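To keep things clear, I will list the structure first and then write my remarks on it.
Protein chains in written order, with this note's numbering: chain A, 1179 to 1447; chain B, 6 to 323.
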């Protein structure tokens, strides 16, 4: 799929995500808007996955460690054919398999249960190490939030990935500069991320994480060390009044705001 | 007095674990051992020399160790994730919950030197909370073998079982109790001694103390049944209910806090199904003073003679 098509699809996913969060009356829309370009590039260009064989041993692995943005993953999985598109309307409804954080035993395409932060990267290190042991040539991708990198377990995993020489592992940090309650800089500022990852012997690429061509080329890069993509993104990307506003971490738009957002995203289609 | 005619030979169950995993790994190339710099204490030296590439040592980083185990299972490996039980469980409990139990990852957790095996090193190194922490987690069988034979059988069973489990091992020497060739059955108690006046239930390092206590009770004219209950979850409800109905009193003993462990698990079954007087022996909700595991078990009322006394008192409440 070419860049223009990916961009159009990302907007469609944003629209469906917005509608799902509005209808459910809950979600994490800010971080969903920031990560959707990365999810789109992964599922429609980069990942070797087969929706009819979600457990194929040769599939690339993808872990959404920032599991609170599950709705964006569900919409992407639905567009890619892992789950029915009309199932998105069940998001957060009683007994829906689409709860607020992804469940690998219920939702095809989900590899491990995430939600508590700092879990996805260690599990991804294990997946990449398994490929080294088995000789199966899949690649493992994991997306964390930038605030999530405050969890110490991530740095344990970063050390191990370098020690194990996991050139088959790509970590994308969705660097939207905001966490739940405030900006990173006002909380526990990890920026700049590049020198910290480089100090642990990772290869680091910095990109505009809301620019599809930069996202695709960074994800397709292969090197000789574990690769970290510091994806500079905007929380609430694509919706003017949400952008870079911390209160849109998990706020739900009013009817009026919803219509404004729909109109802005549709315009760009 | 009451000393056995000859002292039985004691075995470190870690050796049975190591020999079994090495044998299984020779037959199954997907088996990997994951550890936290615990090659020596987990007795993985032989595994490392036979299968160096299949020993995944993450360093002193237990949270990552559990996640790596889950990822290895996702990638088609069969990981035995080994570490000192206090750190394997306590340090990374949320990883065990989310990555292993909730994700239902096919990972075998092996808690080494559980209970008060690290004796004099003190309560930071004791693992007397791990039954309570792990047995509330769905999908996660919790197993504490009583001797080297049951340890080997459980390690072998785990390889064939499609799902996670927690094997709680000790380093404190225990005698052989089960017959050679014993097959481990998940959730099945083993009747070690028939009896009608009281039932003694234990696992791990306490089972052999219960057997000795039953012998002392026999000398006092009391007929004590002994059940080895390695599987704390899923628990053998039938054996417990039958024991309650047929003997009318139950004593439990464990190298664990009396809160939330084996005794609590047995009591849950008893109160729901066949209420009878019970006495739960264990660490009484305190941090242990300095001493070896054997000293501390005696200190906390779990010398065989003290167990026998507790059983004798309990019978009076029937």
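The beta-carbon is built from N, C-alpha and C at its ideal position, and this holds for glycine as well. Note that the structure is predicted; figures quoted are calculated from it, not measured.
Distance between residue 1396/A and residue 1179/A (C-alpha atoms, nearest Å):
One C-alpha to the other measures close to 16 angstroms.
Using a 10 Å radius around the Cβ and a threshold of 16 neighbouring Cβ atoms, would you call residue 324/B buried or exposed?
An answer regarding residue 324/B cannot be provided, because it is not within the stretch 6 to 323 covered by chain B.
DSSP-derived helix/strand/coil call for residue 1179/A:
coil
How would you call residue 88/B, buried or exposed, if buried means at least 16 neighbouring beta carbons within 10 angstroms?
buried
In whole angstroms, what separates the C-alpha of residue 54/B from that of residue 25/B?
Approximately 15 angstroms between the Cα atoms of the pair.
Distance CB(residue 73/B)-CB(residue 1259/A) smaller than 8 angstroms:
No, the Cβ-Cβ distance between residue 73/B and residue 1259/A is not below 8 angstroms.
So residue 1337/A contacts chain B; which residues on that side make the cut at Cβ distance below 9 angstroms?
63, 64, 66, 69
Could you tell me which chain B residues have their CB closer than 8 angstroms to the CB of residue 1350/A, listed as they occur along the chain?
Those within 8 angstroms of residue 1350/A in chain B number zero; the least Cβ separation is about 17 angstroms.
Range of the contiguous alpha helix (DSSP H) that encloses residue 1393/A:
1390 to 1398
Tell me the residue span of the alpha helix (DSSP H) that contains residue 119/B.
Taken as a continuous stretch (DSSP letters only), residue 119/B belongs to no alpha helix (DSSP H), as it is neither H nor E.
What are the boundary residues of the alpha helix (DSSP H) that residue 18/B is part of?
18 to 32
For residue 258/B, the three-state DSSP class (helix, strand or coil)
strand
Where does the unbroken beta strand (DSSP E) through residue 1386/A begin, and where does it stop?
Taken as a continuous stretch (DSSP letters only), the beta strand (DSSP E) holding residue 1386/A covers 1381 to 1386.
Excluding sequence positions up to five away, which residues of its chain have a Cβ less than 7 angstroms from the Cβ of residue 51/B?
23, 27
In its own chain, which residues sit with a C-beta less than 6 angstroms from the C-beta of residue 92/B, not counting the 5 before and 5 after it?
Once the five neighbours on either side are set aside, the close Cβ partners of residue 92/B are 67.
Residue 70/B (DSSP reduced to helix, strand or coil)
helix
Could you confirm whether any beta carbon from chain A is found closer than 8 angstroms to the beta carbon of residue 32/B?
no
Terminal residues of the beta strand (DSSP E) in which residue 1450/A lies
Residue coverage of chain A in this structure runs from 1179 to 1447, which leaves residue 1450/A outside it and unanswerable.
Any idea which residues DSSP pairs residue 281/B with across the strands?
In the DSSP output, where bridge partners are listed per residue, residue 281/B has none listed.
Taking buried to mean at least 16 other C-beta atoms within 10 Å of its own C-beta, is residue 12/B buried or exposed?
The residue in question, residue 12/B, is exposed, as its Cβ has fewer than 16 Cβ neighbours within 10 Å.
Distance, Cα to Cα, residue 112/B vs residue 321/B?
46 angstroms
Hey, is residue 1282/A's beta-carbon within less than 8 angstroms of any beta-carbon in chain B?
Chain B, which has a Cβ nearer than 8 angstroms to the Cβ of residue 1282/A, makes this yes.
Under 8 angstroms by Cβ, that's how I've got residue 1232/A and residue 1286/A pegged, so tell me the actual separation to the nearest angstrom.
4 angstroms
Within the continuous alpha helix (DSSP H) that includes residue 1338/A, where are the two ends?
1330 to 1341
Uninterrupted alpha helix (DSSP H) stretches inside the stretch 212 to 278 of chain B (no shorter than 4 residues):
212 to 224, 242 to 252, 267 to 278
Exposed or buried, residue 1313/A, counting other C-beta atoms within 10 Å across all chains shown (16 or more means buried)?
exposed
Among residues of its own chain, excluding the 5 on either side of residue 137/B, which ones have a beta-carbon nearer than 8 angstroms to its beta-carbon?
261, 262, 264, 265, 266, 269
Consult DSSP for residue 1135/A and reduce its assignment to one of helix, strand or coil.
For chain A, the structure presents residues 1179 to 1447; residue 1135/A sits outside this window and is missing.
Please list the residues of the stretch 17 to 48 of chain B that have a C-beta atom closer than 7 angstroms to any C-beta atom in chain A, keeping them in chain order.
37
Taking DSSP as the reference, what is the three-state secondary structure of residue 309/B?
Three-state DSSP puts residue 309/B in a helix.
Nearer than 7 angstroms: is that true of the beta carbon of residue 1312/A relative to any heavy atom of the ligand HEM?
In the structure on display, the ligand HEM does not appear, and there are no ligands present to speak of.
Return the first residue and the last residue of the alpha helix (DSSP H) that residue 194/B is part of.
Element bounds for residue 194/B: n/a, residue is neither H nor E.
Neighbouring residues, chain A, relative to residue 77/B (Cβ below 8 angstroms)
1304, 1305, 1307, 1308, 1311
Since residue 1436/A is in the beta strand (DSSP E), which residue starts that stretch and which ends it?
That residue, residue 1436/A, is in no beta strand (DSSP E); its alpha helix (DSSP H) goes 1433 to 1445.
Can the beta-carbon of residue 1301/A be found closer than 8 angstroms to that of residue 1382/A?
no
Going along chain B in order, which residues have a C-beta closer than 8 angstroms to the C-beta of residue 1212/A?
Ordered by position in chain B, no residue passes the 8 angstroms Cβ test against residue 1212/A, which lies about 23 angstroms from the chain.
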